[in-house]
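Each residue of the sequence shown is one higher than the one before, counting from 10 in this note's numbering. Glycine included, each C-beta is placed from N, C-alpha and C at the ideal position. Scroll down for the structure; my scribbles are underneath it.
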Amino acid sequence: MHFLRNLIILFLICIAIKINLCVPTIPSSLKTLPIDGHFDFKQVHHAAKDFGNRYSFLPSAVLHPKSASDIATTVKHIWEMGPGSHLTVAARGHGHSLQGQAQAHRGVVINMESLQGPKMKVHTGNFPYVDVSGSELWINILHETLKHGLAPKSWTDYLHLTVGGTLSNAGISGQAFRHGPQISNVRQLEVVTGKGEVVNCSEKQNSDLFYSVLGGLGQFGIITRARISLEPAPKMVKWIRVLYTDFATFAKDQEMLISGESTFDYIEGFVIINRTGLLNNWRSSFNSNDSAQTSHFKSDGRTLFCLELAKYFNPEEMAIVNQEIMTSLSQLNHIPSTLFQSQVPYIEFLDRVHISEIKLRSKGLWEVPHPWLNLLIPRSNIHIFAQQVFGNILTNTSNGPILIYPVNKSKWDNRTSVVLPEEDVFYLVAFLSSAAPSSTGSDGLEHILNQNKRILELCEIDGLGVKQYLPHYSTNGEWRSHFGPQWEAFVHRKSTYDPLAILAPGQRIFQKAAPLSL
Numbered sequence: 010m011h012f013l014r015n016l017i018i019l020f021l022i023c024i025a026i027k028i029n030l031c032v033p034t035i036p037s038s039l040k041t042l043p044i045d046g047h048f049d050f051k052q053v054h055h056a057a058k059d060f061g062n063r064y065s066f067l068p069s070a071v072l073h074p075k076s077a078s079d080i081a082t083t084v085k086h087i088w089e090m091g092p093g094s095h096l097t098v099a100a101r102g103h104g105h106s107l108q109g110q111a112q113a114h115r116g117v118v119i120n121m122e123s124l125q126g127p128k129m130k131v132h133t134g135n136f137p138y139v140d141v142s143g144s145e146l147w148i149n150i151l152h153e154t155l156k157h158g159l160a161p162k163s164w165t166d167y168l169h170l171t172v173g174g175t176l177s178n179a180g181i182s183g184q185a186f187r188h189g190p191q192i193s194n195v196r197q198l199e200v201v202t203g204k205g206e207v208v209n210c211s212e213k214q215n216s217d218l219f220y221s222v223l224g225g226l227g228q229f230g231i232i233t234r235a236r237i238s239l240e241p242a243p244k245m246v247k248w249i250r251v252l253y254t255d256f257a258t259f260a261k262d263q264e265m266l267i268s269g270e271s272t273f274d275y276i277e278g279f280v281i282i283n284r285t286g287l288l289n290n291w292r293s294s295f296n297s298n299d300s301a302q303t304s305h306f307k308s309d310g311r312t313l314f315c316l317e318l319a320k321y322f323n324p325e326e327m328a329i330v331n332q333e334i335m336t337s338l339s340q341l342n343h344i345p346s347t348l349f350q351s352q353v354p355y356i357e358f359l360d361r362v363h364i365s366e367i368k369l370r371s372k373g374l375w376e377v378p379h380p381w382l383n384l385l386i387p388r389s390n391i392h393i394f395a396q397q398v399f400g401n402i403l404t405n406t407s408n409g410p411i412l413i414y415p416v417n418k419s420k421w422d423n424r425t426s427v428v429l430p431e432e433d434v435f436y437l438v439a440f441l442s443s444a445a446p447s448s449t450g451s452d453g454l455e456h457i458l459n460q461n462k463r464i465l466e467l468c469e470i471d472g473l474g475v476k477q478y479l480p481h482y483s484t485n486g487e488w489r490s491h492f493g494p495q496w497e498a499f500v501h502r503k504s505t506y507d508p509l510a511i512l513a514p515g516q517r518i519f520q521k522a523a524p525l526s527l
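So, in structure tokens, the structure goes:
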């Protein structure tokens, strides 16, 4: 009997140990920190989810800060606990990370959307700007600045993202060829470093921290405020799409448009694979110049390339703008019968992806796995890439939009932490796939991940000089390869601003308490 009782006790102890390993332990010292916001130690599951819907790591706690001081107090406390503590901190904005980058396994996730502070303030004048919280959504900035007839210069395609989130990566859309990414249009930041210090930085003040944080993947500090450059906002947009069957012609036209003084304010492109009903789907929002010719155009399941353009204007400028557009379009070599045009309000054009989000949410197709792959490809190798990927790897269909368009490297500041290809012009190629839950077919997660792997292997084997945008790697060696000659500077910046590797553990670049190595 004694043996059986002891065996039962031992069994129960083992169960308790196992449960303790699965449930994050709560650091008692966090409960007594002097903050205006609060910690939540129970409702933490939402902080283990993101848009990618592939990774889920439970934190020990979620901080709901009211101020940058709350964030600094928390980070400084963990910093003072020293390398013996395995607590880490991740800032979570709108939860649009793809691979757990804003998660902190058994650490602290900061719910940036709780952050309060000075109200958004627009400053007009010859060099207008807006001061905003790092937790502010770009769509809210658009609404507020438009009240003053102003708007930021550079955007992302999707506006329901936080300022801190996009500035920690780059922020790219069709305006980048002219204005550069969003990180090229920032004047000043307020940052909480990995030591818990609140630092104001800009090009002239604490400049190394300023450029470290921009495109720094959250490794050097948490952005709590930002000063964003503005420009006069138009009221309307001419939104144009034209089609190509030949990639070389498509790419040549794109590159011509981004060089010199382009008529257009926005230039993107995308790939259409095996879409026989394409033109009918567009007619709801686009009008063809020649509906008779268009009705006879058959895509026949071929791979097509779409050039998407936008020209900003005000109503009184319509006549001259129409002339400029027709002159510019006459220089292109698209399929003549596939000129589609639409005229929409500026805000409707910028917020266009949100309309798709609403439709997908209504069908239960938004919160599915998103195994996205974003690549930056040197111009000299884009034709090899396109031939191999669109001709061999992706042949039957795509599982979401495939964006492809060139940008000018001269519009990017090389002092930031973002990693770019070597050449003066490079292409963003984004495979924005959605996986059907539980599917084992070509729309399933495993199939899409395998496609992504084949694409990356092609880039590696052929030596295409590709860099990942929104990068994700599992090993230190892969990160070293990604950064290349910038690795040493990146490690030095980490040792300066976050020497214990407390911040952004979900990026998996550095491990807390492990020595930082060059």
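Considering only the beta carbon of each residue, do I518 and L218 sit closer than 9 Å? no
Ordered along the chain, which non-local residues of its own chain (more than five positions away) have a Cβ less than 7 Å from that of Y64? Q108, G109, Q112
According to DSSP, is V427 helix, strand or coil? coil
Entirely within the stretch 329-384 and at least 3 residues each: give me those beta strand (DSSP E) ranges in chain order. 349-354
Between I334 and I386, is the Cβ-Cβ spacing less than 9 Å? no
Given 8 Å, three or more beta-carbon pairs between the stretch 271-282 and the stretch 399-419: yes
Given S144, which residues of its chain have a CB within under 7 Å of its CB, disregarding the five upstream and five downstream residues? G102, M121, E122, L124, T171, G173
Going by the DSSP bridge assignment, what does N120 pair with across the sheet? R101
Does DSSP put L288 in a helix, in a strand, or in coil? Model confidence at L288 stands at a pLDDT of 44, short of 50, so the residue's coordinates are unreliable; what they give is reported in the following sentence. Helix at L288.
Is the stretch 371-389 touching the stretch 428-437, taking contact as three or more C-beta pairs under 8 Å? yes
Check this for me: beta carbons of Y355 and L159, under 9 Å apart or not? no
Looking only at C-alpha atoms, which of P480, H501, A498 sits nearest to H491? P480
Around the C-beta of P415, are 16 or more other C-beta atoms found within 10 angstroms, so that it is buried, or is it exposed? By the 10 Å Cβ count, P415 comes out buried.
Report, in whole angstroms, the separation of the C-beta atoms of M245 and Q332, which I expect to be a contact under 8 Å. Actually they are not in contact, since the Cβ atoms of M245 and Q332 sit about 16 Å apart, beyond 8 Å.
Whether G373 touches I276 by CB criterion (9 Å): no
With a 10 Å radius around its C-beta and 16 neighbouring C-beta atoms as the bar for buried, classify D507 as buried or exposed. The residue in question, D507, is buried, as its Cβ has 16 or more Cβ neighbours within 10 Å.
Does the stretch 79-97 come close enough to the stretch 131-143 to have 3 or more Cβ pairs within less than 8 Å? no
Reduced DSSP secondary structure (H/G/I, E/B, other) of G515: DSSP places G515 in the helix class (H, G or I) of the three-state scheme.
Can you tell me which of Q520, Q191, L96 puts its alpha carbon nearest to the alpha carbon of N485? Q520
Measuring CB to CB, does H343 end up less than 9 Å from Y253? It is a contact, given that the beta carbons lie within the stated cut-off.
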